[in-house]
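Undergrad: Under my numbering, read the sequence shown as residues 2 to 339, first letter to last. Could you have a look at this structure, given as structure tokens, before my questions?
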Amino acid sequence: MNHGTSTLAEVENVVRHYAGPRESLFGQRRFVHAVDGIDLMIHQGEAVGLVGESGCGKSTVGRLIQGIESPTSGRVRVDGIDVSDLDAAGRRNLGRHVQTIYQNPVDSLDPRVRIGRQIREPLDIHKVGTPAERRDRVIDLLDNVGLSARYADRFPHEVSGGEAQRIVIARALTLKPKLIICDEPVSSLDVAIQRQVVRLLTDIKDRFNVAYLFISHDLNVVREICERVAILYLGQIVEEGETESIFRRPAHPYTQALLSAVPRPDPRARAAAFLLTGDVPSPSDVPPGCRLNTRCPYAAEACRNSVPAPVPMGLSQRAACHFVAGPGSPQPRDEKDL
């Protein structure tokens, strides 16, 4: 890793529940358990992947770190700032440190405003530099993402999807943030453009020493960009560690199932898929004990009755599973077996 020991962002025992509708007029109100007691650290210059199925709480974690939402309980700190309950001025100041790249770049741009002005807008809001310096900064940012100065005068409908994502990346860099939340930043692009944007994000991370929280369901992209990865299931982190360690020897059954589903170019290089049964439970009706117990082929009585604590798997990996430490339990599967 190219980061030091400096902790840039810290999510500490964070819970985020949303109140749902009542079952009846006088019935009990149900709550959606979007995020349920997670701990996560991001260091300066580090890329951390946050992986899981749709609806598992990934984007909610991103919004909590941005200060867009406040946690039900727990604390979120970014660069020493407690962002758990910021007012409007505090969120605006946090924008100098944290920026976001969203999934659909075209929807992220105002179709009525020229691209140069949209990139320059954060500088205008925060009154950074003179007008001439701001214009120069826009040209420099376009160059950093591989676009010419001519793009500053274009409207969003005049660029391709890949070019639009480069523009969104340039805008995210305008205030020289320390952390960029990448929320499925390449999932809407075709494969060839994905490769270009992934290389660009990797280059920018190294060049500007910026940290990423990389939210994605694409494990191949996460493996290429991220030094560490956290696996999220129904609002809880079930496995976390160095990316290569988890890819080589996934310990948690959910991680094993996700990696088993990754397409491989050589069908002979993978065994039969490791499948989970059933559907993902509703986040408003989570099962007791281990949340995977309704789908896991290893589930036993302990899994249904108690929540497993994270178990260290060497120096760089931990998994929240009763089986990884118990006698006679299934051992972590090697990547070549998935």
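Each residue gets a CB set at the ideal place from its N, CA and C atoms; glycine is no exception.
Would you list the one or two residues that DSSP bridges to MET42?
TA: Here residue 42 is taken as the residue at index 41 of the sequence shown, counted from 1. The partner list for MET42 (beta bridge, DSSP) reads GLU11.
Undergrad: Take ARG172 as the anchor and find which of GLU185, LEU124 and ALA150 has the nearest alpha-carbon.
TA: Counting from 1 along the sequence shown, the entry for residue 172 is found at position 171. ARG172 has its Cα closest to that of LEU124, out of GLU185, LEU124 and ALA150.
Undergrad: Check whether the stretch 159-166 touches the stretch 105-113, counting contact only when three or more Cβ pairs, one atom from each stretch, lie closer than 8 Å.
TA: yes
Undergrad: Reducing DSSP to helix, strand and coil, say where ARG229 ends up.
TA: Within the sequence shown, numbered from 1, the residue matching residue 229 stands at position 228. ARG229 falls in the strand class under three-state DSSP.
Undergrad: Check for me: the beta strand (DSSP E) holding ASP184 runs from which residue to which?
TA: Within the sequence shown, residue 184 is the residue found at index 183, counting from 1. Its beta strand (DSSP E) spans residues 180-184.
Undergrad: What separation, rounded to the nearest whole angstrom, lies between the Cα atoms of LEU316 and GLU241?
TA: Taking the first residue of the sequence shown as position 1, residue 316 is located at position 315. Taking the first residue of the sequence shown as position 1, residue 241 is located at position 240. Roughly 11 Å separates the two Cα atoms.
Undergrad: Could you pull out every unbroken alpha helix (DSSP H) segment of at least 4 residues lying fully inside the stretch 194-254, listed in chain order?
TA: 220-226 and 244-249
Undergrad: Classify SER85 as helix, strand or coil using the three-state DSSP reduction.
TA: Taking the sequence shown and counting its residues from 1, one reaches residue 85 at position 84. Correct three-state label for SER85: coil.
Undergrad: Identify the continuous beta strand (DSSP E) that holds ILE69 and give its terminal residues.
TA: For this step, residue 69 is matched to residue 68 along the sequence shown. Counting along the chain, ILE69 falls outside any beta strand (DSSP E), and DSSP gives it neither H nor E.
Undergrad: Find out if the Cβ-Cβ distance for the pair PRO284, VAL12 is shorter than 8 Å.
TA: What you label residue 284 is simply residue 283 of the sequence shown in a count that begins at 1. What you label residue 12 is simply residue 11 of the sequence shown in a count that begins at 1. No, they are not a contact pair.
Undergrad: Looking only at C-alpha atoms, which of LEU176, LYS128, GLU70 and HIS127 sits nearest to ASP141?
TA: Counting from 1 along the sequence shown, the entry for residue 141 is found at position 140. That would be LEU176, whose Cα lies nearest to the Cα of ASP141.
Undergrad: For SER330, which of helix, strand or coil comes out of DSSP?
TA: Counted from its first residue, the sequence shown places residue 330 at position 329. Confidence in SER330 is poor, its pLDDT being 45 and thus under 50, which makes the residue's placement unreliable; the coordinate value appears in the next sentence. SER330: coil per DSSP, three-state reduction.
Undergrad: So, are the CB atoms of VAL77 and ILE66 less than 8 Å apart?
TA: Taking the first residue of the sequence shown as position 1, residue 77 is located at position 76. Taking the first residue of the sequence shown as position 1, residue 66 is located at position 65. Their beta carbons are under 8 Å apart, which means VAL77 touches ILE66 by this criterion.
Undergrad: What residue ranges within the stretch 82-129 form continuous beta strand (DSSP E) runs of no fewer than 3 residues, ordered along the chain?
TA: 99-102
Undergrad: Whole angstroms are fine: how far does the CA of GLN100 sit from the CA of ILE182?
TA: Taking the first residue of the sequence shown as position 1, residue 182 is located at position 181. Taking the first residue of the sequence shown as position 1, residue 100 is located at position 99. Going from the Cα of ILE182 to the Cα of GLN100 covers about 6 Å.
Undergrad: Among ALA90, ARG113 and HIS323, which residue has its Cα nearest to the Cα of SER307?
TA: Against the sequence shown, residue 307 aligns to sequence position 306. Residue HIS323 is the option with its Cα nearest to SER307.
Undergrad: Could you compute how far the alpha carbon of ASP184 sits from the alpha carbon of ASP40?
TA: As a first step, residue 184 must be located in the sequence shown, where it is residue number 183. As a first step, residue 40 must be located in the sequence shown, where it is residue number 39. For ASP184 and ASP40, the distance between alpha carbons rounds to 19 Å.
Undergrad: Would you check if the distance between the CB atom of GLN45 and the CB atom of LYS179 is smaller than 8 Å?
TA: The residue you call residue 45 lines up with position 44 of the sequence shown. The residue you call residue 179 lines up with position 178 of the sequence shown. Contact flag set, yes.
Undergrad: Are the stretch 292-305 and the stretch 244-251 touching by the rule of at least three beta carbon pairs closer than 8 Å?
TA: no
Undergrad: How would you label GLY50, buried or exposed, when you count the other beta carbons within 10 angstroms and need 16 or more for buried?
TA: Position 49 of the sequence shown, counted from the first residue, corresponds to residue 50. So GLY50 counts as buried.
Undergrad: Sort GLY147, LEU148 and GLN119 by Cα distance to ARG135 and report the nearest one.
TA: Locating residue 135 in the sequence shown gives position 134, counting from the first residue. For ARG135, the nearest C-alpha among the options comes from GLN119.
Undergrad: Compare the C-alpha of HIS402 against each of LYS128, ASP207, THR203 and ALA10 and name the closest.
TA: There is simply no residue 402 to check, as the chain begins at 2 and stops at 339 in what is shown.
Undergrad: Sort LEU235, VAL325, GLU225 and LEU277 by Cα distance to GLU47 and report the nearest one.
TA: The sequence position of residue 47 within the sequence shown is 46, counting from 1. With distances taken between Cα atoms, GLU47 lies closest to GLU225.
Undergrad: If you draw a straight line from the C-alpha of GLY117 to the C-alpha of VAL187, how long is it?
TA: The residue you call residue 117 lines up with position 116 of the sequence shown. The residue you call residue 187 lines up with position 186 of the sequence shown. Roughly 22 Å separates the two Cα atoms.
Undergrad: Could you pull the DSSP bridge partners for HIS18 from this structure?
TA: The sequence position of residue 18 within the sequence shown is 17, counting from 1. Looking at the DSSP assignment, HIS18 forms a beta bridge with HIS34.
Undergrad: Would you mind stating whether VAL222 and VAL192 have Cβ atoms separated by less than 8 Å?
TA: Working through the sequence shown from its first residue, we reach residue 222 at position 221. Working through the sequence shown from its first residue, we reach residue 192 at position 191. In this structure, VAL222 keeps its C-beta atom at 8 Å or more from the C-beta atom of VAL192.
Undergrad: Can you check whether the CB of ILE170 is closer than 8 Å to the CB of LYS59?
TA: Along the sequence shown, read from residue 1 onward, the residue named residue 59 stands at position 58. Along the sequence shown, read from residue 1 onward, the residue named residue 170 stands at position 169. Contact flag unset, no.
Undergrad: The alpha helix (DSSP H) with GLY162 in it runs from where to where?
TA: Against the sequence shown, residue 162 aligns to sequence position 161. Looking at the DSSP string, the run of the alpha helix (DSSP H) that includes GLY162 is 162-173.
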